Amino acid sequence: MKAIIFDFDGTLTKGGDNIWKAMWKYLGYDIGQGSLYRQLFIRFLSHDIDHQTWCDLSADAFMERGISKDIMLNLAKNTELIDGAKETFKKLKENGHSLHVVSGSMTAVIRQVLGDNVKYFDSINGNEALFDEDGNMIGIKGTKYDFEGKARFVEELIAKTGIDKSDICFVGNGDNDEWVYKSGCKTLCINPEDTDTSNTTIWHKSIDNLTDLRDILPALNVAPTLQELISNGDESNNKTTHICPMMAEFMCKD
Ligand SMILES: [Mg+2]
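Residues in the sequence shown are numbered from 6 upward in steps of one, following this note's numbering.
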């Protein structure tokens, strides 16, 4: 069995503000140079504060101006799942892969955006926004698996399941995914943001300007069936047949 681990923001989504940034902005906080938002990020990156303290101080700022679960999940409605996600998850599951999300977003947000697709995932790992019975935020429980922790997730998965590291691929897009290669798994960068994909130690493969998640399948060595090459198998819409350049290349071989 093989495993595919996905980052969330900018990897499974069409981009836009992540939920952290969206909440800071919604509450009227400045997010520019010298803002508390930026200061906390810099303090975390420079190891002045740990990840949980970063979450605690952010939660304090959120609670000071009042934020509820409804507001958070409403803001999350601006986040759209990337096209072709469902077909990709389904295909990978049919091929016997286990699927995981390892993200710095909030798990409730990830679950809402994934919707029905949650059923394809073996685990969803992110920060937990905590709310009281009236739905008001009372804290944020930080994930162990962001930044350096993303590599730790892969190492723990290997220890738990015995899957060989070469049979695990992490799919990400940003600077907080740059530690993953240290676990020894394969890495694929899509739609890079604040990360240098010419560094092939960190990113083994990369695809720029990806608009349909199905385009990662050839890079994961999951070959499309002939039927899928002829028709994208999605009867729910009338989209033009989807054949990505890499699939086209595959079809033209021999
Ligand atoms: Mg990301």
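Glycine included, every Cβ here is placed at the ideal spot set by N, Cα and C.
Note that the structure is predicted; figures quoted are calculated from it, not measured.
{"Item": "Closest by C-alpha distance to Phe67, when choosing among Leu86, Glu85, Thr84, Tyr42", "Value": "Tyr42"}
{"Item": "One or two residues paired with Cys194 in a DSSP bridge", "Value": "Gly177, Ser211"}
{"Item": "Distance cut-off 7 Å: Asn79 Cβ against heavy atoms of ligand 1", "Value": "no"}
{"Item": "Any non-hydrogen atom of ligand 1 within 7 Å of Thr166 CB", "Value": "no"}
{"Item": "Per-residue burial, Ala134 [other beta carbons within 10 Å of its own, 16 or more giving buried]", "Value": "buried"}
{"Item": "Asp259 classed as buried or exposed, judged by whether at least 16 other C-beta atoms fall within 10 angstroms", "Value": "Annotation note: pLDDT 35 at Asp259 (below 50); position unreliable, coordinate value reported separately. Asp259 comes out exposed."}
{"Item": "Complete runs of the alpha helix (DSSP H) confined to the segment 98-162 [at least 4 residues]", "Value": "112-119"}
{"Item": "The segment 80-90 contacting the segment 6-25, beta-carbon criterion three pairs below 8 Å", "Value": "yes"}
{"Item": "Beta-carbon gap between Ile115 and Phe13 smaller than 8 Å", "Value": "yes"}
{"Item": "Helix, strand or coil at Phe46 [DSSP, three-state]", "Value": "helix"}
{"Item": "Same chain, Cβ closer than 6 Å to Lys7, neighbours up to 5 away in sequence not counted", "Value": "His102, Asp172"}
{"Item": "Residue burial classification, Asn178 (beta-carbon count within 10 angstroms, cutoff 16)", "Value": "buried"}
{"Item": "Host alpha helix (DSSP H) of Phe13 (start-end)", "Value": "Here Phe13 belongs to no alpha helix (DSSP H), and DSSP marks it neither H nor E."}
{"Item": "At least 3 beta-carbon pairs within less than 8 Å: the segment 120-130 vs the segment 58-78", "Value": "no"}
{"Item": "Straight-line gap, Met256 to Tyr186 (C-alpha atoms, nearest Å)", "Value": "Low confidence applies to Met256: its pLDDT is 41, below 50, so where it sits in the model is not reliable, and the reading given next is rough at best. Computed Cα separation, rounded: 31 Å."}
{"Item": "Rounded C-alpha distance that separates Gly44 from Lys191", "Value": "For the record, residue 44 in the displayed sequence is Gln; it is not Gly. The alpha-carbon atoms of Gln44 and Lys191 are separated by roughly 33 Å."}
{"Item": "Which residues DSSP lists as bridging Leu86, in chain order", "Value": "Thr18"}
{"Item": "Residue span of the alpha helix (DSSP H) that contains Asp61, given as start and end", "Value": "56-70"}
{"Item": "Extent of the continuous alpha helix (DSSP H) to which Asp75 belongs", "Value": "74-80"}
{"Item": "Straight-line Cα distance separating Tyr34 from Trp25", "Value": "12 Å"}
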